[in-house]
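Participant: First the structure, which I've put down as structure tokens, then a few questions once you've had a look.
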Ligand code: PNS
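Residue numbers (the working numbering): 1118 to 1279.
If you want it as structure tokens, here you go:
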């Protein structure tokens, strides 16, 4: 049986930690769909279109990975695209409570979709999109923490190269 997994998130922007998880998932599942939430409560730094472009660039060359967007309930989307697995990353204990809540809510909504937690490489355990945005906005370097295209766009967006 071929297993299709969905890796959902806000990806504002995608980090090397996300990418690490994409690669691990791609090695484990037949197909991985990296799915960006369309209508988040959060006000994003990057538009949905920009995040799609950055993610597509970042996963280029990984054959079984595609990038998509979704709205509404994650489980409804997973069922629609015939994904039986939701991949979520857990970095530290602090992630666990929120992730557990979400996984159990998703399980309640549909027993046909299983959440699989994965850990990124140790080097990325402290990394988050929020930190990347903050450090960049304050003029710090995020080199090595995000794909090159993201680093470039962050500088442009935050006018750090002006
Ligand atoms: O990268 P994030 O912000 O931690 O991702 C959160 C995301 C997009 C996975 C989550 O907010 C989500 O699945 N939203 C869709 C709405 C939904 O299904 N909510 C019920 C599950 S708690």
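Note that CB positions come from ideal geometry on N, CA and C, so glycine has one too.
#1: For residue 1136 and residue 1176, I'd like the C-alpha separation in whole angstroms.
#2: Whose C-alpha, out of 1246, 1193, 1160 and 1273, is nearest the C-alpha of residue 1123?
#3: Could one say the Cβ of residue 1149 lies closer than 9 Å to chain C's Cβ atoms, at least one of them?
#4: Would you say the beta carbon of residue 1127 is closer than 8 Å to some non-hydrogen atom of ligand 1?
#5: Give the straight-line distance between the Cα atoms of residue 1232 and residue 1205, rounded to the nearest whole angstrom.
#6: May I have a chain-ordered list of the alpha helix (DSSP H) segments no shorter than 4 residues that lie completely inside the stretch 1207-1247?
#7: Less than 8 Å between the CB of residue 1171 and some heavy atom of ligand 1, yes or no?
#8: From which residue to which residue does the alpha helix (DSSP H) around residue 1168 run?
Facilitator: Quick look at the numbers:
#1: 7 Å
#2: 1193
#3: No chain C appears in this structure, which consists of one protein chain only.
#4: yes
#5: 7 Å
#6: 1210-1226
#7: no
#8: 1165-1176
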